[in-house]
Every structure is written in C-alpha cells, then in structure tokens.
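Be aware that the sequence shown starts at 1, since it is given in full-length UniProt numbering, and climbs by one per residue. A quick write-up on the structure given underneath.
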Amino acid sequence: MLNTLRRLGPPLLLLAPSLILVGVFVYGLIAANFSTSFTDDHTAAQAVGREPAAFVWFTNYFDLLGSEDFQHSLMNLVLYTVVFLAGTMIMGFLWAWMLDKPVKGEGLFRSVYLFPMAVSFVASGVVWRWLLNSNQGEQASGLNRLFQMIGLDALQNNWWNNVTFGIIAIAIPAIWQLSGYVMALFLAGFRGIPNELREAARVDGASEWKLYRYVLFPQLSPVALSALIIIGHMSLKAFDLIMSISKPANYQTKVPAVDMFVFKSSFDYANAAAVGSILLIIVALVIVPYLIRTHREEKR
C-alpha cells in the first residue's frame, strides 16, 4: 500500500488541479444542465427562486421533440450539416490537390485560401448578410444585383429568407470560411505520403486514376475522417454565423443552438437546458465512435 502511494502519489498530485477544474467546470456543469432540463423551470420567477421548480423528468424532451418548431430546427441543422460538410470537404480537397502539384506562387495561394479562417464568423456574417440580400429587381443588391448585371436573372432568389431551404444559403459563407482549413489538413496528408509509393505505383503501370484510387486515397482516409469529425461537430454547434446573417426570431434559419438562446433569453431555463442536452447527445454520437476507433488503432 505504501509503495503504491509512493508510486502514484506524485502523478496524482500533479494532475489533481486539472482533474478538479475539469470535474467541476465541465462534468459538474453538464450534470447541472441535465438536472435543470428535468425540471419545469420555465419562468423568470422560477429562475430567480421566487417560485419553486419541480422535477418533470423527460417531459421537456418529449415536448420539444414533438414540437413542429423544434423539428424544423433539427431539419435545418441536418440540411446545414450535410451541405456544409460536403462543400468544405470537396472544396478543401480540390484546393489541396491543386496545390500538391508544382504551382508557382503556392505560398500566395495557401494564404488566400486560409485567410477566411482569420475572420470571425460575426464579421464575415455582416458582409454575407449584404451579399445574400433577398431583394430582387430594381431593389436588388449583393449577389442578386451581380446576377442581374451579368444577365443571369434566373439565379436571383430570396436566399436565407426561403422557409424550406434558407439555411442552405447560410452554409455558403461557412463553406467559404472553413474550406481553407480542410485544404490545410488534406495538403498535409498529401505531403506526408512518401514519393516512393507514387513512383512504385507508376513503375507498376498504374494510371493516374488508379494511383489516387489505390495508393493516395487510402493514405488520406485518416485525414478525411479527422476533417469530417472536426467540421461535423462545428456545424452542429452553428450559432454566431446564423445570428449575424439572420435574427433569432427568423423561423426559416433557426437551429437548435438558436432555440437554446431564445429559450434562455425568455428565462425558460428548462427548455434551454434540454436543447443543450440534445445537442450534447448528438455531438457525442459523432465524437465517441471516433474516439473509440482512434483508441483501438493506437493499441494495435
């Protein structure tokens, strides 16, 4: 026992401050959030303690998931995530593929592609709000005005004001902003593949397509998976860009994170906590399998 304490004591003492902080401010607050989501804390009086709040357990979750408004938010989240993931992965890969070949001014292109990452979502949202203005005809501005000037009037539309697909318009600036990050990941993956593998495949008579299909793509699969996980969980938490372009009251572009903000602003802490818990569960369903897979690969 004494030997065990001597062996484990110093490491535990070293880790104790971090473990305590993580336990209190991460897992403790997650537990408090779940606890709040199980109550009927829906009013300002309950929020400040003037009126009691009772446990209703999963009632808030059932009410939310049965609500057409929240179902619309979830559908918006699915549309946004699919378009955002597809756009960033395709654009990022294409840019990395082009830069992997000998290109003059590669450093300049890398800087141009990565520059949007240096801009906050709020700042870019202000610009994209103007670009995605829904006015058409004589009042057109932004992209609609550009389409009008070059004779492509058929491409004019109401962008994020479309009730069904408005959220897809907001995925456009998100793709513009984070494609450079995915490009950097894929470019690092390309540069990490030994030239000997490419040369050996070419000596064996592999065409350019077979070289990518059977040699390069399998080597890039861990990078692609990492990019999918990182971009996927960012899309699930989308909030600031949507708030910058649209408004919380706009039904057409609301997602669960916006619903959580609206509930919290109206002192409906129980529903706000329930929405947060649902988002946490969704993110966990994405992240946990990835962590398990990574852990198993490291043990091999």
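From the three backbone atoms N, C-alpha and C, an ideal C-beta is built for every residue, glycine too.
Can you find at least 3 beta carbon pairs, one from the region 194–208 and one from the region 68–77, that sit closer than 8 Å?
no
Which residue or residues does DSSP assign as beta-bridge partners of Thr-43?
The residue labelled residue 43 in the question sits at position 43 within the sequence shown. DSSP, once it has assigned bridges, lists no residue as partnering Thr-43.
Taking Cβ to Cβ, would you say Ala-272 is nearer than 8 Å to Leu-64?
As a working mapping, residue 272 is identified with position 272 in the sequence shown. As a working mapping, residue 64 is identified with position 64 in the sequence shown. Contact: no.
Please work out which residues of its chain come closer than 6 Å, Cβ to Cβ, to Met-260, disregarding the five sequence neighbours upstream and downstream, and give them in chain order.
Residue numbering aside, residue 260 sits at position 260 when the sequence shown is read from its first letter. Closer than 6 Å at the Cβ level, and outside the excluded window around Met-260, lie Ala-272, Val-275, Gly-276.
Selection from Ala-16, Ile-287, Asp-153, Ser-134 that minimises the alpha carbon distance to Asn-161
Position 161 of the sequence shown holds residue 161. Of the listed residues, the one whose Cα sits closest to Asn-161 is Ser-134.
Could you check if Gln-139 is buried or exposed, using at least 16 other CB atoms within 10 Å of its CB as the buried criterion?
Walking along the sequence shown from the start, residue 139 turns up at place 139. So Gln-139 counts as exposed.
Ile-175 and Phe-25 look like a contact to me (Cβ under 8 Å); what is the Cβ gap, rounded to whole Å?
As a working mapping, residue 175 is identified with position 175 in the sequence shown. As a working mapping, residue 25 is identified with position 25 in the sequence shown. About 33 Å; that fails the 8 Å criterion.
Take Leu-132 and list the residues in its own chain whose beta-carbon comes closer than 7 Å to its own, dropping the five residues that flank it on each side.
Indexing the sequence shown from 1 puts residue 132 at position 132. So the qualifying residues of the chain are Gly-142, Leu-143, Trp-159, Trp-160, Ala-169, Ile-245.
Simplified DSSP state of Phe-109, which is helix, strand or coil:
On the sequence shown, position 109 is the one that residue 109 refers to. Helix, per DSSP.
Going by DSSP, name the residue or residues bridged to Phe-55.
The residue you call residue 55 lines up with position 55 of the sequence shown. Answer by DSSP bridge pairing, in chain order: Thr-39.
Could you check what DSSP says for Phe-267 in three-state terms: helix, strand or coil?
Stepping through the sequence shown from its first residue, residue 267 is reached at position 267. It is coil, neither helix nor strand.
Cut-off 6 Å between Cβ atoms - residues of its own chain near Phe-147, not counting five sequence neighbours on either side:
Position 147 of the sequence shown, counting from 1, holds the residue named residue 147. Hits under 6 Å: Leu-155, Gln-156.
Considering only the alpha carbon of each residue, which of Pro-256, Leu-185, Gly-107 lies closest to Ile-90?
Stepping through the sequence shown from its first residue, residue 90 is reached at position 90. It is Leu-185 whose Cα lies nearest to the Cα of Ile-90.
Mind the definition here: the region 236–243 touches the region 252–259 only if three or more C-beta pairs lie below 8 Å; say whether that holds.
yes
Alpha-carbon spacing of Tyr-56 relative to Asp-40, whole angstroms
In the sequence shown, residue 56 corresponds to position 56, counting from 1. In the sequence shown, residue 40 corresponds to position 40, counting from 1. A small fix is needed here, since residue 56 is Val in this sequence, not Tyr. Answer to the nearest angstrom: the Cα atoms are 6 Å apart.
Spatial neighbours of Gln-219 in its chain, beta-carbon cut-off 6 Å, leaving aside the 5 residues before and after:
What you label residue 219 is simply residue 219 of the sequence shown in a count that begins at 1. If we look at Gln-219 and ignore the five residues flanking it on each side, its Cβ neighbours are Ile-193.
Report all residues from its chain with a CB closer than 7 Å to the CB of Ile-229; omit the five preceding and five following residues, and keep chain order.
By one-based count along the sequence shown, residue 229 stands at place 229. Result list for Ile-229: Val-286, Ile-287, Tyr-290, in chain order.
Roughly how many whole angstroms lie between the Cα atoms of Leu-279 and Lys-237?
Within the sequence shown, the letter at position 279 stands for residue 279. Within the sequence shown, the letter at position 237 stands for residue 237. Near 8 Å, if we compare the C-alpha coordinates of Lys-237 and Leu-279.
Please classify Thr-81: is it buried, with 16 or more other beta-carbons within 10 angstroms of its beta-carbon, or exposed?
Within the sequence shown, numbered from 1, the residue matching residue 81 stands at position 81. Looking at its Cβ environment, which holds 16 or more other Cβ atoms inside 10 Å, Thr-81 is buried.
Under 6 Å Cβ to Cβ from Tyr-181, same chain only, skipping five residues before and after it: list those, please.
Taking the first residue of the sequence shown as 1, we reach residue 181 at position 181. Correct list, in chain order: Met-117.
Do Gln-177 and Val-119 come within 8 Å of each other at the CB atom, strictly closer than that value?
Sequence index remark: in the sequence shown, residue 119 carries index 119 (1-based). Sequence index remark: in the sequence shown, residue 177 carries index 177 (1-based). In contact: Val-119 and Gln-177 (Cβ atoms closer than 8 Å).
What three-state label does DSSP hand Ile-172 in the structure shown?
Residue numbering aside, residue 172 sits at position 172 when the sequence shown is read from its first letter. Helix at Ile-172.
Find out if the Cβ-Cβ distance for the pair Leu-5, Leu-99 is shorter than 8 Å.
Taking the sequence shown and counting its residues from 1, the one referred to as residue 5 is at position 5. Taking the sequence shown and counting its residues from 1, the one referred to as residue 99 is at position 99. No, these two residues do not count as a Cβ contact at 8 Å.
Beta-carbon within less than 7 Å of Lys-264's beta-carbon, same chain only, minus the 5 sequence neighbours each way: which residues are those?
On the sequence shown, position 264 is the one that residue 264 refers to. These residues qualify, in order along the chain: Ala-272.
Where Asp-204 falls, given that 16 or more other Cβ within 10 Å makes a residue buried
The residue labelled residue 204 in the question sits at position 204 within the sequence shown. Asp-204 should be labelled exposed.
CA-to-CA distance, Ala-45 to Phe-38, given in whole angstroms
Stepping through the sequence shown from its first residue, residue 38 is reached at position 38. Stepping through the sequence shown from its first residue, residue 45 is reached at position 45. Between Phe-38 and Ala-45, the C-alpha separation is close to 17 Å.
If you follow the alpha helix (DSSP H) that Gln-219 is in, where does it begin and where does it stop?
As a first step, residue 219 must be located in the sequence shown, where it is residue number 219. Here the alpha helix (DSSP H) through Gln-219 covers 217–236.
Go ahead and label Trp-209 buried or exposed: buried means 16 or more other beta carbons lie within 10 angstroms of its beta carbon, across all protein chains shown.
Translated into positions along the sequence shown, residue 209 becomes position 209. Exposed.
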